[in-house]
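Take a look at the structure set out below.
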Amino acid sequence: MSQLTNDHIGHIKKDLCYRGLVLESLEDEMIDHVCSAVEARMLRGARFIDAYHEVLKSFGNTSGLRETQKQTIQFENQKPKNMLKNYFIIAMRNLTKQRFYTFINVAGLATGVAACLVIVLFVINELSYDKHHEKADRIYRVNGEIKFGGNHYKLAVAPAPLAETLIQDYPEVESAMRFRSRGSYLVKKSETADNIKENDVIWADSTFFKIFTVPVLEGNPNTALKEPNSIAISQNIASKFFPEKSALGQTLIMDNDTPMKVTAVYADMPQTGHFVFDILISLSGLDEAKSSNFLSNNFQTYVLLKEGTDAKAFESKLPGLVLKYIGPQAAEILGGEFTLEKFEASGNKLEYTLMPLTDIHLHSDLTAEIRANGNITYVYLFATIAMFILVIACINFMNLSTARSSNRAKEVGVRKVMGSLRSHLIRQFLMESILLSLFSFVLAIAIAYLFIPVFNDLVQKTLFLPLSTVSFYLLILGAALVIGMLAGLYPSFFLSAFKPANVLKGNVSLGMKSGFIRSALVVFQFVISIFLVIGTITVYRQLSYIQHKKIGFEKDQVIVIQDAYALQDNMQSFKNEVLKNSFILSGTISGFLPVQSWRSDNTHWPEGSQPTQENMVGLQTWRVDQDYVKTLGMRIKTGRFFSADFLSDSSAVVLNESAIRQFGFMGDPLGKKISTFTGTGPDGTPDLNSIQSYTIVGIVEDFHFESLKENITPLGLYLGKSNGSIAFRFEAKETQDVIQSIEKTWKAMAPGQPFLYSFLDEDFSRMYNNEQRLGKTFGVFAGLAIIIASLGLFALTAFTAEQRTKEIGIRKVLGASVSSIVLLLSKEFGKLIIIAFVLASPLAWFAVNWWLKNYTYKVEIGILVYVTAGALAFLIAWLTMGYQSIKAATSNPVRSLRSE
Amino acid sequence: MHSSELLKGTLQTIVLKVLKDNGKMYGYEITTLVKELSENRILLTEGALYPTLHRLEAEGLLRTEVVNIGKRVRKYYALTPDGKAQAKDRVNEFVDFIKTMSAVLHVRMAQ
Chain S
1 MSQLTNDHIG
11 HIKKDLCYRG
21 LVLESLEDEM
31 IDHVCSAVEA
41 RMLRGARFID
51 AYHEVLKSFG
61 NTSGLRETQK
71 QTIQFENQKP
81 KNMLKNYFII
91 AMRNLTKQRF
101 YTFINVAGLA
111 TGVAACLVIV
121 LFVINELSYD
131 KHHEKADRIY
141 RVNGEIKFGG
151 NHYKLAVAPA
161 PLAETLIQDY
171 PEVESAMRFR
181 SRGSYLVKKS
191 ETADNIKEND
201 VIWADSTFFK
211 IFTVPVLEGN
221 PNTALKEPNS
231 IAISQNIASK
241 FFPEKSALGQ
251 TLIMDNDTPM
261 KVTAVYADMP
271 QTGHFVFDIL
281 ISLSGLDEAK
291 SSNFLSNNFQ
301 TYVLLKEGTD
311 AKAFESKLPG
321 LVLKYIGPQA
331 AEILGGEFTL
341 EKFEASGNKL
351 EYTLMPLTDI
361 HLHSDLTAEI
371 RANGNITYVY
381 LFATIAMFIL
391 VIACINFMNL
401 STARSSNRAK
411 EVGVRKVMGS
421 LRSHLIRQFL
431 MESILLSLFS
441 FVLAIAIAYL
451 FIPVFNDLVQ
461 KTLFLPLSTV
471 SFYLLILGAA
481 LVIGMLAGLY
491 PSFFLSAFKP
501 ANVLKGNVSL
511 GMKSGFIRSA
521 LVVFQFVISI
531 FLVIGTITVY
541 RQLSYIQHKK
551 IGFEKDQVIV
561 IQDAYALQDN
571 MQSFKNEVLK
581 NSFILSGTIS
591 GFLPVQSWRS
601 DNTHWPEGSQ
611 PTQENMVGLQ
621 TWRVDQDYVK
631 TLGMRIKTGR
641 FFSADFLSDS
651 SAVVLNESAI
661 RQFGFMGDPL
671 GKKISTFTGT
681 GPDGTPDLNS
691 IQSYTIVGIV
701 EDFHFESLKE
711 NITPLGLYLG
721 KSNGSIAFRF
731 EAKETQDVIQ
741 SIEKTWKAMA
751 PGQPFLYSFL
761 DEDFSRMYNN
771 EQRLGKTFGV
781 FAGLAIIIAS
791 LGLFALTAFT
801 AEQRTKEIGI
811 RKVLGASVSS
821 IVLLLSKEFG
831 KLIIIAFVLA
841 SPLAWFAVNW
851 WLKNYTYKVE
861 IGILVYVTAG
871 ALAFLIAWLT
881 MGYQSIKAAT
891 SNPVRSLRSE
Chain Z
901 MHSSELLKGT
911 LQTIVLKVLK
921 DNGKMYGYEI
931 TTLVKELSEN
941 RILLTEGALY
951 PTLHRLEAEG
961 LLRTEVVNIG
971 KRVRKYYALT
981 PDGKAQAKDR
991 VNEFVDFIKT
1001 MSAVLHVRMA
1011 Q
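Protein chains in written order, with our numbering: chain S, 1 to 900; chain Z, 901 to 1011.
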């Protein structure tokens, strides 16, 4: 039926195409339409060529055709879905075309985001401490501060009668409760069962359940812990000791002698609390708890204020309490002329303050904390590092995008000529960065998932990604969009601002145009990296300084057997039995070891004078046996140590050098005597009539028994029984033998008691756990920061080398050597690293000094550390650049010059 | 002949209604049919028809089918289920519009 010949159709096709009809989807049907219309006209007798022109005219000729085409395109693309799809396709094409840069971007950003994610989890965890208590906003702990006799204590504990006094005297106190820690306990179910050592045991008032939110699963929280010898246990303990039946009403034997009745089973306390206890023992069974002595501080005391109470106003009433109760008791001991006014006038201090419950974990680092708390400084520090890492990763992204601008300048030019608006281009570039960011975040979740166990190990927490919560994904998605936007904003505005005419003529040297900003960003990255490196080196140097400093005793090759009191009467024979092993050199029975723990001071004064504020010395009182110094390797400066040959040694004392300085003896201190109160009266205050004196028989060289953050305080060694632990010095290399032999003896002499041991050097380094963790964590993140920054630098150099291929080719042809070209390429970024080093050094200097301020004994951070850090950064940067530079410098110039 | 100004808003309605009544059609066929139906008073210009067809297709109201005829191909348009519903709505809407217009302009239409 068609009257059109193939020639006609061919002509129409060609002509329409010539007139600018190119849209695939439209072309075919236009041809069909024209053909049909021409056929209709030819049927009426028109000639082909006349019919065709008539039809064309009805389309509006060439301009009409084009207008139709344009409108069709517009209509087709008007749906936002199509528009986004288009951006998406172009973005994907660009990203896959530039695989190398995409990889660097994604890898850098994903690592950065993963690090950030892990740190955010850590920070959230740290901030969530004690928030689970419903009345948390009304609970306060009473902190004490005592400055007296050369000592300055900041205490988390208060006197025993304080809690009751607060309830009695102050109507705004709704309730109060106390904890009293007495260390770990050996627990068994019945006389015949084996003992299990429980560390998280505390004595507590029965008001515990009223103040803190700890769900009681079995038993009545109102009556639990009221009776003496009653306990409350966690679900964990209940299922450990009574797996089959209900634990309520059952009995547990504590430390082999006291049976205690379970009056409540509570849900395990969350780890995000400043205390986590497995067993609570009723304080009503502890005589010390009933004492009215205001001068000894042993109880962590918490108050619950009534609703609407102003805590500050209440706190300001506490000095009144000190005046009313503590003043008279102190005056009684220190003689009649004592008054608190005089006490304070001479620079001393006795003060109680309130600390909000939720502040304890991050803001409190006092003596006698229940467990090691966190530190708000570290939270800030980590949050800052997380920010830095993220910023470094974002900078990479921005730098690479703008650096590549010259490659994309032509694209921008063409797009603009074709009628693209600036907003379209911005959208296009933003789309690319958001895509990259989304992809990086997905990868980041995977990386974080893999590395959280490692991090948990490092910070001793049980963090996890909340993978089952929807809000987590929403948050991640939101963050990905925001990061994508932020990172893409500058490049997209920068790129879209090109003038098409200039770009297409090729007279804009775009690669270098944004040089200043890019350089600034590289400098910024390396300032952060160098800063972190210096920080890491400092922490490590200080740690190794502490560990290798002469600490005044031999911490290596000493094994400590814990809970020696479980041996009961077999203590001495156990020691003798163990010493039969020829690898064991000596042993000492004493609970006082030179590693950090909470010990109390006793006031001493030179014999023959009245105790006054001026001559009293707070002296640590350690009870040791004759082999103490021999086993632990302290050195006697003058005099002698205790010996079985001197019967009078029971009233002798060996002081350390600090104590001698504090007492300020005239002449030779040996043979002089010091006095102290030995008994307490019925109300718990020191008994003024029972004073005992000790003769100084020797002086031991100062040795460190606290963290090196502290000064060495006065210490007195007394001959006496202290059955907390037994320490043995043994020969090196025979560790396994020694342990086995000791364990065998233990099993024979203390059947059914847990055999627990540690090594003194490990106990010693445990005092610096926080610092070690800080050092490691710092190291990891500093490493990450450098890696990400180097990735960026690597890509930047690659790009520059690529840009300067021709230049390098020409230089080589003209006779430049490989080394001169490597130098040429490295110089640019090398300069930046040096600037970064100059900027980072003073910053690091301030930070390092600030941190080391905490330590009494600190390492000298010489200029060498800074130079090392700078050199390290330079080396890493140079290695990353070097590869690219050498590659560019050694390439054959013919290849780069031929392709024009 | 009606002015193209008046036609502008009704183009989609016309296309949908024509396709609803006649099943699948190609572009040229639509123009000739509309010309016949309107007794030469409505001339669908190609410049308006094709963008409209493509837009309706993009919106999912039309589906297309390409048939090879000799040396050229022909693209047929037909309504999707969505399109059918739309066609009915649009026609009803337009009838309403005419009623309103006649009330506003005080013209009585021949029933």
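For each residue, glycine too, the CB sits at the ideal point set by N, CA and C.
Computed from a predicted structure; not experimentally measured.
Close Cβ partners of P159/S (< 6 Å) along its chain, the five nearest in sequence each way excluded: What you label residue 159/S is simply residue 159 of the first sequence in a count that begins at 1. If we look at P159/S and ignore the five residues flanking it on each side, its Cβ neighbours are F294, N297.
Straight-line Cα distance separating D645/S from S573/S: Here residue 573/S refers to the residue found at position 573 when the first sequence is read from its first residue. Here residue 645/S refers to the residue found at position 645 when the first sequence is read from its first residue. If you take the alpha carbons of S573/S and D645/S, they lie about 20 Å apart.
Uninterrupted alpha helix (DSSP H) stretches inside the region 338 to 424 of chain S (no shorter than 4 residues): 340 to 345, 360 to 363, 376 to 403, 405 to 417
Exposure label - P594/S; buried when at least 16 CB within 10 Å: Start at 1 with the first residue of the first sequence, and residue 594/S comes out as number 594. By the neighbour-count rule (16 or more Cβ atoms within 10 Å), P594/S is buried.
Under 8 Å from the C-beta of H954/Z: neighbouring residues of chain S: Sequence index remark: in the second sequence, residue 954/Z carries index 54 (1-based). Within chain S, the residues whose beta carbon sits less than 8 Å from that of H954/Z are S25, L26, T72, F75, E76, listed in sequence order.
Inter-residue Cα distance where the pair is L495/S and L425/S: On the first sequence, residue 495/S is found 495 positions in, with the first residue counted as 1. On the first sequence, residue 425/S is found 425 positions in, with the first residue counted as 1. When rounded, the distance between both Cα atoms is 8 Å.
Partners in chain S for K971/Z, counting only beta-carbon separations shorter than 7 Å: Within the second sequence, numbered from 1, the residue matching residue 971/Z stands at position 71. Neighbours of K971/Z in chain S, taken as residues whose beta carbon is under 7 Å from its own, are N6, I9 in chain order.
Beta-carbon contacts of P259/S that lie in its chain and below 8 Å, excluding the five residues immediately before and after: For the purposes of this step, residue 259/S is taken as residue 259 along the first sequence, with counting starting at 1. Here the set comprises N229, T251, L252, I253.
heavy atom of the ligand HEM below 6 Å from V276/S C-beta: As presented, the structure is devoid of all ligands, the ligand HEM included, so that no description of it is given.
Neighbour list for F48/S in chain Z, Cβ cutoff strictly below 9 Å: Indexing the first sequence from 1 puts residue 48/S at position 48. Within 9 Å Cβ-Cβ: nothing; F48/S doesn't reach chain Z, min ~15 Å.
Reduced DSSP category for N602/S - H, G, I as helix; E, B as strand; rest coil: For the purposes of this step, residue 602/S is taken as residue 602 along the first sequence, with counting starting at 1. If DSSP states are grouped into helix, strand and coil, N602/S belongs with the strands.
Minimum Cβ-Cβ distance from G983/Z to chain S less than 7 Å: The sequence position of residue 983/Z within the second sequence is 83, counting from 1. By this cut-off, G983/Z is not an interface position.
Backbone secondary structure at L248/S - three-state DSSP: Walking along the first sequence from the start, residue 248/S turns up at place 248. L248/S falls in the coil class under three-state DSSP.
C-beta neighbour in chain A for G947/Z, strict 7 Å: Note that chain A does not occur in the displayed structure, where the protein chains are S and Z.
Chain S residues whose Cβ lies nearer than 7 Å to that of R974/Z: Residue 974/Z sits at position 74 when you count from the first residue of the second sequence. Around R974/Z, the beta-carbon contacts reaching into chain S at under 7 Å are D32.
For A978/Z, the residue or residues it bridges with in DSSP: Here residue 978/Z corresponds to residue number 78 of the second sequence, with the count starting at 1. Per DSSP, R963/Z.
For V617/S, the residue or residues it bridges with in DSSP: By one-based count along the first sequence, residue 617/S stands at place 617. Note: V617/S sits in a beta bridge opposite H604/S.
CB contact below 7 Å: G960/Z versus chain S: As a first step, residue 960/Z must be located in the second sequence, where it is residue number 60. False, the Cβ-Cβ gap to chain S never drops below 7 Å.
Contacts of C35/S in chain Z (Cβ-Cβ under 7 Å): Translated into positions along the first sequence, residue 35/S becomes position 35. In chain order: R972.
Any chain S beta carbon closer than 7 Å to G923/Z: Against the second sequence, residue 923/Z aligns to sequence position 23. No, its Cβ sits nowhere closer than 7 Å to a Cβ of chain S.
is_contact[T462/S, chain Z] using C-beta, thresh 7 Å: Counted from its first residue, the first sequence places residue 462/S at position 462. Taking Cβ atoms only, chain Z never reaches closer than 7 Å to T462/S, which makes this a no.
Alpha-carbon to alpha-carbon, V414/S and C116/S: Here the question's residue 116/S lines up with position 116 in the first sequence. Here the question's residue 414/S lines up with position 414 in the first sequence. Whole-angstrom Cα-Cα distance: 39 Å.
Supposed close pair T916/Z, A987/Z - CB separation, criterion 8 Å: Here residue 916/Z corresponds to residue number 16 of the second sequence, with the count starting at 1. Here residue 987/Z corresponds to residue number 87 of the second sequence, with the count starting at 1. A quick correction: the sequence has Leu, not Thr, at residue 916/Z. Rounded, the Cβ-Cβ distance is 4 Å, consistent with contact.
Nearest-angstrom Cα separation, counted from G775/S out to V539/S: Numbered from 1 along the first sequence, position 539 holds the residue referred to as residue 539/S. Numbered from 1 along the first sequence, position 775 holds the residue referred to as residue 775/S. Taking the straight line joining both Cα atoms gives about 5 Å.
Closest residue to N656/S among T192/S, T621/S, F242/S, D625/S (Cα-Cα distance): As a working mapping, residue 656/S is identified with position 656 in the first sequence. Answer by Cα proximity: T621/S.
One or two residues paired with Q692/S in a DSSP bridge: As a first step, residue 692/S must be located in the first sequence, where it is residue number 692. DSSP, once it has assigned bridges, lists T676/S as partnering Q692/S.
Assigned secondary structure, T258/S (DSSP; H/G/I helix, E/B strand, else coil): Counting from 1 along the first sequence, the entry for residue 258/S is found at position 258. T258/S falls in the strand class under three-state DSSP.
Simplified DSSP assignment, three categories, for Y768/S: Counted from its first residue, the first sequence places residue 768/S at position 768. In this structure, Y768/S counts as coil in the three-state DSSP scheme.
Residue-level contact to chain Z via CB, F88/S, 7 Å cutoff: Counting from one through the first sequence, the residue named residue 88/S turns up at place 88. Not closer than 7 Å to any Cβ of chain Z, the Cβ of F88/S fails to qualify, so no.
Rounded Cβ spacing between N399/S and L796/S (contact assumed at less than 8 Å): Position 399 of the first sequence holds residue 399/S. Position 796 of the first sequence holds residue 796/S. About 6 Å; that satisfies the 8 Å criterion.
Partner residues on chain Z for G60/S, Cβ-Cβ distance less than 9 Å: One-based indexing of the first sequence puts residue 60/S at position 60. Residues of chain Z passing the Cβ test: T945, E946, G947.
Cβ of G927/Z within 7 Å of any chain S Cβ: As a first step, residue 927/Z must be located in the second sequence, where it is residue number 27. Yes, its Cβ sits closer than 7 Å to a Cβ of chain S.
Residues that R19/S bridges to, as DSSP identifies them: Sequence index remark: in the first sequence, residue 19/S carries index 19 (1-based). None; R19/S has no bridge partner.
Separation of Q740/S from Q753/S, as counted between CA atoms: For the purposes of this step, residue 753/S is identified with residue 753 of the first sequence, where counting begins at 1. For the purposes of this step, residue 740/S is identified with residue 740 of the first sequence, where counting begins at 1. So the two alpha carbons sit approximately 16 Å from each other.
is_contact[K908/Z, chain S] using C-beta, thresh 7 Å: Residue mapping note: residue 908/Z aligns to position 8 of the second sequence, counting from 1. Judged by the 7 Å Cβ criterion, K908/Z is not in contact with chain S.
Interface flag, Y950/Z vs chain S, CB-CB below 7 Å: Numbered from 1 along the second sequence, position 50 holds the residue referred to as residue 950/Z. Yes, Y950/Z lies at the interface with chain S (some Cβ there is under 7 Å from its Cβ).
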